[in-house]
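First to last, the sequence lines map onto chains A and B.
My numbering applies: residue 1 is where the first sequence begins, and numbers increase by one.
My numbering applies: residue 251 is where the second sequence begins, and numbers increase by one.
Positions of the beta carbon are idealized from the N, C-alpha and C atoms, including for glycine.
As the structure is a computational prediction, the values presented were derived from the model and not from experiment.
Here the structure is laid out as structure tokens; the discussion comes afterwards.
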Amino acid sequence: MATSFQSALQNLRETKVWKSIFRRGPANTNRTRSLAIFGNLFLHWMPVKVREKSLRMRASYYLGSISFILFIVLFVTGIFLMFYYHPAAPNAYRDMKDLQFVVSNGVFLRNLHRLAAHLMVFAVFWHMFHVFYRGGYKPPHEFNWVVGVLLLLVTLFLSYTGYLLPWDQLAFWAVTVGTNIISAMPFIGHKVRFLLLGGNIVGENALLRFYVLHIVILPLFAFVLIGIHFWRVQKDGGLTVKPKDEDGKE
Amino acid sequence: MEKNKIETAFSSDAKKEPRRVVFVTKKTSAKVVGERGPQLMTFPHLLIREAIAFQVLVIAMVVVALFWDAPLEQLANPLLTPNPAKAPWYFLGLQELLHFFPPFVAGILIPTLVVIALIVIPYFNVNIEGRALWAYHPAQHLRTMLIIVLILLAFLAVFHAWTIFAPTALVATLLVLSYTGRQAERGWLKSLGSKPLSWWIMTWFIAVSVCLTAVGTFFRGPGWSWVWPWGSHAG
């Protein structure tokens, strides 16, 4: 049965329509497998070949991939959540209750978004520390490390701005505690805090500003930086393979 | 042709690759870099692994999300301050710092310095080959390190910052152990003894961050007093 399925797939790949979409037939030679990467808009930033050692678990634990997968999950669940959300007080809180009691699978949707958000913060930190210990910041990877640090900051801000959106006690006081720290900035502290909150306290304006940051501005930054980050991995010659790995010793 | 493995259903892999012969840095002479090992085609070898990572992760998250509900407390009320009011977990390390140092130092100065330090890491072109801290002048290096560590510990003790003191003391102990065991033939002492200074600084930073975050998350109660996570208290 597997064979008949495979031959059916093979026949499909030989069709005119398949070739018109993917710009190639079946990827069964090194040439067509290269085409599969650089002839595809969504994959063309990847290298055509990768070192076998960089595919091993200990080379990366796939932490960068995991961070990106979590970002995609957050993007999709976030769009679904936007259909049920009003960034206004106290409507935002009522929307949370609606998710709980009215919307089909609403709680599940929110659980998944929240879980992925916490995991992403965790994965991005872990990714950074792992890259450091592998020496992945060394030339020629310097700038990509800097992009990575910026991505860590964007991730933290994304998570933090999302934290306010349920508009419950937990959200309100967590953001109050956090934004009070900004006032400690010399000279401009109160002004920066006012700019962020749209007022002197965490209120309706703050909710709207955090919402816009959370769903438009920060994701836009994240997408651009992720693009640069991935593209630079390829341009800088792939993952760092340590001399120890090169000797063939484990 | 073997059919049981997805990857072997495809034809041969890349056999040739451009070879780097020498790697020259400012401080080292030309150094021959060994073979970088065989290469595989991204399609399908890397893509199949990414796809598996995606599926495993999403399935695991769906299972957890089915059973673990996101918390939802009462409607936000500016007049009712919970005690303690806590930030999200990844900022609780900073909140713990606020307990010891003035807001400007804990909330602005230290985070800014940490971010700057992280950004400039790759631009310090010192010790690019990762030479061990004890490789040259070990006694002199140990003396310098001990002086720095003792000043740091004294400073932390003055501020009663015991949750920073403890991980710092732990890493310092490991540092001294690695000095005494630097000539070990094998085992964890040998591996510790071969670590460069940058490794020690990052490990210290991670140890302090993890300790502060864990304490802030699990061990702080009303008025930021010490509580045990298994003890019950009227919050």
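Query	Result
Residues near Ala327 (chain A) by beta carbon distance below 6 Å, same chain, minus five either side	Residue 327 (chain A) is absent from the structure shown; chain A starts at 1 and stops at 250.
Contact check, Phe293 (chain B) vs Phe351 (chain B), beta carbons under 8 Å	no
Supposed contact pair Trp384 (chain B) and Gly437 (chain B) - C-beta distance, whole angstroms, cut 8 Å	No, Gly437 (chain B) and Trp384 (chain B) are not in contact; Cβ-Cβ is about 16 Å, not under 8 Å.
Continuous beta strand (DSSP E) stretch holding Lys49 (chain A): start and end	Lys49 to Arg51
Cutoff 8 Å: Lys49 (chain A) Cβ touching any chain B Cβ	yes
CB of Met395 (chain B) within 8 Å of CB of Ala116 (chain A), strictly	no
CB contact check: Glu14 (chain A) to chain B, cutoff 8 Å	no
Under 7 Å (Cβ pairs) to chain B, residues found in the stretch 34-62 of chain A	Ala36, Ile37, Met46, Pro47, Val48, Lys49, Val50, Arg51, Glu52, Lys53, Leu55 and Tyr62
As assigned by DSSP and simplified to three states, the class of Leu218 (chain A)	helix
C-beta neighbour in chain B for Ala174 (chain A), strict 8 Å	yes
Three-state secondary structure (DSSP) of Ile231 (chain A)	In the sequence under discussion, the amino acid at residue 231 (chain A) is Trp, which differs from the Ile named in the question. Reduced to three states, the DSSP call for Trp231 (chain A) is helix.
Pick from A:Pro166, A:Leu207 and A:Ile201 that is closest to Ile182 (chain A), judged by C-alpha positions	A:Ile201
Opening and closing residue of the beta strand (DSSP E) in which Leu307 (chain B) lies	From DSSP, Leu307 (chain B) is part of no beta strand (DSSP E) but of the alpha helix (DSSP H) over Leu297 to Phe317.
Residue-level contact to chain A via CB, Ile369 (chain B), 8 Å cutoff	yes
Contact between the stretch 416-423 of chain B and the stretch 446-458 of chain B (3+ Cβ pairs under 8 Å)	yes
Boundaries (first-last residue) of the beta strand (DSSP E) holding Gln289 (chain B)	Gln289 to Met291
Short Cβ contact (8 Å threshold) for Thr358 (chain B) with Val149 (chain A)	Reading off the sequence, residue 358 (chain B) comes out as Ile, not Thr. It is not a contact, given that the beta carbons lie outside the stated cut-off.
Residue-level contact to chain B via CB, Asp98 (chain A), 8 Å cutoff	no
With 16 other Cβ atoms within 10 Å as the buried cut-off, status of Pro166 (chain A)	buried
Interface residues of chain A facing Lys336 (chain B) [CB-CB closer than 8 Å]	Trp173, Ala174 and Val177
Residues near Leu439 (chain B) by beta carbon distance below 6 Å, same chain, minus five either side	Gly431
Alpha helix (DSSP H) runs contained entirely in the stretch 316-398 of chain B, provided each spans 4 or more residues	342-350 and 360-370
Arg470 (chain B) in three-state terms, based on DSSP	strand
Every unbroken alpha helix (DSSP H) inside the stretch 62-137 of chain A [4 residues or more]	63-82, 91-101 and 106-133
Minimum Cβ-Cβ distance from His229 (chain A) to chain B less than 8 Å	no
Backbone CA spacing between Gly64 (chain A) and Thr179 (chain A) [nearest angstrom]	30 Å
Closest residue to Phe68 (chain A) among A:Phe223, A:Lys97 and A:Asp168 (Cα-Cα distance)	A:Phe223
Chain A contacts from the stretch 283-308 of chain B (Cβ-Cβ distance under 9 Å)	Val283, Gly284, Glu285, Arg286, Gly287, Pro288, Gln289, Leu290, Met291, Thr292, Phe293, Pro294, His295, Leu296, Leu297, Arg299, Glu300, Ala303, Phe304, Leu307 and Val308
Assigned secondary structure, Trp173 (chain A) (DSSP; H/G/I helix, E/B strand, else coil)	helix
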